[in-house]
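Number of protein chains: 2
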Amino acid sequence: MNITELESEKLEKAANMLKAIAHPMRIAILSFLEGDTKLTVTEIHERLGIEQSTTSHHLGILKDKGVLCSQRDGKNTFYFLKHESLSKLVDCIGQCTCSE
Amino acid sequence: MNITELESEKLEKAANMLKAIAHPMRIAILSFLEGDTKLTVTEIHERLGIEQSTTSHHLGILKDKGVLCSQRDGKNTFYFLKHESLSKLVDCIGQCTCSE
DNA sequence: TCAAGAAATGCAAATATATAAATATATTGT
DNA sequence: ACAATATATTTATATATTTGCATTTCTTGA
Numbered sequence: 001m002n003i004t005e006l007e008s009e010k011l012e013k014a015a016n017m018l019k020a021i022a023h024p025m026r027i028a029i030l031s032f033l034e035g036d037t038k039l040t041v042t043e044i045h046e047r048l049g050i051e052q053s054t055t056s057h058h059l060g061i062l063k064d065k066g067v068l069c070s071q072r073d074g075k076n077t078f079y080f081l082k083h084e085s086l087s088k089l090v091d092c093i094g095q096c097t098c099s100e
Numbered sequence: 001m002n003i004t005e006l007e008s009e010k011l012e013k014a015a016n017m018l019k020a021i022a023h024p025m026r027i028a029i030l031s032f033l034e035g036d037t038k039l040t041v042t043e044i045h046e047r048l049g050i051e052q053s054t055t056s057h058h059l060g061i062l063k064d065k066g067v068l069c070s071q072r073d074g075k076n077t078f079y080f081l082k083h084e085s086l087s088k089l090v091d092c093i094g095q096c097t098c099s100e
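Heads up: the protein sequence lines correspond to chains Y and Z, in order. Position 98 (the first sequence) corresponds to 98 in the UniProt record's numbering; numbering is contiguous. Position 28 (the second sequence) corresponds to 28 in the UniProt record's numbering; numbering is contiguous.
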């Protein structure tokens with residue numbers, strides 16, 4: 001495998017997505033959202049036990065990097081996984097870290 | 001799912017492993033090492049086209065975080081994936097970023 | 001023991017990230 | 001329009017990461 005300029009764009013994208021996920025709170029968020037679960041910012045910030053603004057920031061990062069989608073419903077905004085394959089990635093991470 | 005203190009340790013570990021992987025050059029390194037491939041530092045730094053010391057640094061991070069193992073053979077040091085499940089993770093990342 | 005090749009380390013500068021407090025925006029019900 | 005609730009944004013500070021140069025360590029062959 002050779003690193004062409006085209007491929008370096010792909011690598012950049014993959015790295016950005018992984019960087020978005022690679023944070024304890026954000027992994028926890030993804031684990032909450034496995035399957036088709038949709039949760040609001042408040043539900044997530046209460047479960048995590050961190051500031052609302054910090055939670056919103058984390059969710060913004062995950063959305064910006066294509067990991068999550070959001071959907072407004074009145075005062076609430078629900079967040080959920082963008083692709084089903086991301087559930088698989090979360091599982092995979094779990095496996096990789098358990099088999100240490 | 002609730003975040004207990006025990007679980008927060010697991011999250012920390014998972015995040016550290018992902019953080020180690022979440023870099024364009026390091027993803028490229030992992031893609032080189034899929035399967036049972038073993039490569040030396042020089043081979044990797046030449047393929048990546050970056051400094052030897054930078055390459056060594058990246059490899060050190062991956063080794064430190066439990067992603068790679070190394071094996072000395074004379075002047076050379078070969079690096080390879082620590083667990084087979086990491087090949088799966090690399091594939092998974094590829095899938096997640098292609099289906100965008 | 002010495003020279004050469006291979007890899008690792010220390011260092012410094014630039015850049016990026018995380019966090020929370022304060023503030024702003026959006027939406028609903030009255 | 002106003003109060004209340006839910007989210008998002010701004011800002012500042014602290015901390016971490018990336019990179020290459022220079023240097024050092026480790027190993028082999030002469």
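Where a beta carbon is used, it is the ideal one built from N, C-alpha and C, also for glycine. Please read all numbers here as calculations on a predicted model, not as lab measurements.
Member of Z/LEU33, Z/ILE44, Z/ALA14 and Z/GLY60 whose CA lies at the smallest distance from the CA of Z/PHE80: Z/LEU33
8 Å Cβ cutoff met for Y/LEU48 and Y/MET25: yes
Under the three-state DSSP convention, the category Y/THR18 falls into: Correcting the residue identity first, residue 18 of chain Y is Leu in this sequence and not Thr. Of the three classes helix, strand and coil, the one that applies to Y/LEU18 here is helix, per DSSP.
Cα-Cα separation between Y/ILE29 and Z/ASP73, rounded to whole angstroms: 43 Å
First and last residue of the uninterrupted alpha helix (DSSP H) at Y/THR55: 52-64
Under 8 Å from the C-beta of Y/THR29: neighbouring residues of chain Z: Per the sequence shown, residue 29 of chain Y should be read as Ile rather than Thr. Within chain Z, no residue comes near Y/ILE29; the closest Cβ sits about 10 Å away, beyond 8 Å.
Close Cβ partners of Z/SER53 (< 8 Å) along its chain, the five nearest in sequence each way excluded: none
Residue-level contact to chain Y via CB, Z/HIS83, 8 Å cutoff: yes
First through last residue of the alpha helix (DSSP H) which encompasses Y/LEU89: 85-98
Cβ shell of Y/THR55 (< 7 Å), same chain only, five flanking positions each side left out: VAL41, ILE44, HIS45 and LEU48
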